[in-house]
Amino acid sequence: MTTSQHSTEPGGLTVMVVDDSNTIRRSAEIFLTQAGYRVVLAEDGFDALAKINDHHPALVFCDILMPRLDGYQTCALIKKSARFHATPVVMLSSKDGLFDRARGAMVGSSAYLTKPFSKDTLLAAVREHTAPKA
Numbered sequence: 001m002t003t004s005q006h007s008t009e010p011g012g013l014t015v016m017v018v019d020d021s022n023t024i025r026r027s028a029e030i031f032l033t034q035a036g037y038r039v040v041l042a043e044d045g046f047d048a049l050a051k052i053n054d055h056h057p058a059l060v061f062c063d064i065l066m067p068r069l070d071g072y073q074t075c076a077l078i079k080k081s082a083r084f085h086a087t088p089v090v091m092l093s094s095k096d097g098l099f100d101r102a103r104g105a106m107v108g109s110s111a112y113l114t115k116p117f118s119k120d121t122l123l124a125a126v127r128e129h130t131a132p133k134a
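Read in order, the letters of the sequence shown are residues 1 to 134 in UniProt numbering.
Here it is as structure tokens:
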């Protein structure tokens, strides 16, 4: 881990957005880039797992409903990795159900954002989950 991943300055942080919706990926990328974060986009869980080693994101936003490897499976695999088990994963879903939140927590997600998200809620989640622990 590099020290830049835990700096409070946005420019030092890389955020990964995993979603099969191009619209959601692009919206998140625009919001995060405007705020000064580096953004890595992935279309599904396999794509995310292939890119996570190269980019070492400080935070991963992960859609739940995706083809091939869903968000729960993707989150569980990230959390099982010795290298990335401490990386916060925030689940993204268009459903705001208790079951989805509970299942996300069971696989190790740090939080849950309902789509469509606003720029403010997205950036607040990044700040909350990448802030240095006091």
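Glycine included, each C-beta is placed from N, C-alpha and C at the ideal position.
Asked, Found
"So, is R83 buried or exposed, given that buried needs 16 or more other C-beta atoms within 10 angstroms?", "exposed"
"Where in the segment 54–125 do unbroken runs of the beta strand (DSSP E), each at least 3 residues long, occur, reported from the N-terminal end onward?", "59–63, 89–93 and 111–114"
"State whether the segment 22–30 contacts the segment 45–58, with contact taken as three or more CB pairs (one from each stretch) at a distance under 8 angstroms.", "no"
"For R103, collect the residues of the same chain with a Cβ closer than 8 angstroms to its Cβ; drop the 5 residues on either side in sequence, then sort them by chain order.", "Y72"
"How would you write the range of the beta strand (DSSP E) that A42 sits in, first residue to last?", "R38 to A42"
"May I ask whether a heavy atom of the ligand HEM can be found less than 7 angstroms away from the beta carbon of M106?", "Looking for the ligand HEM in the displayed structure turns up nothing, as the structure carries no ligands at all."
"Looking at the secondary structure, which residues open and close the alpha helix (DSSP H) in which A28 lies?", "N22 to Q34"
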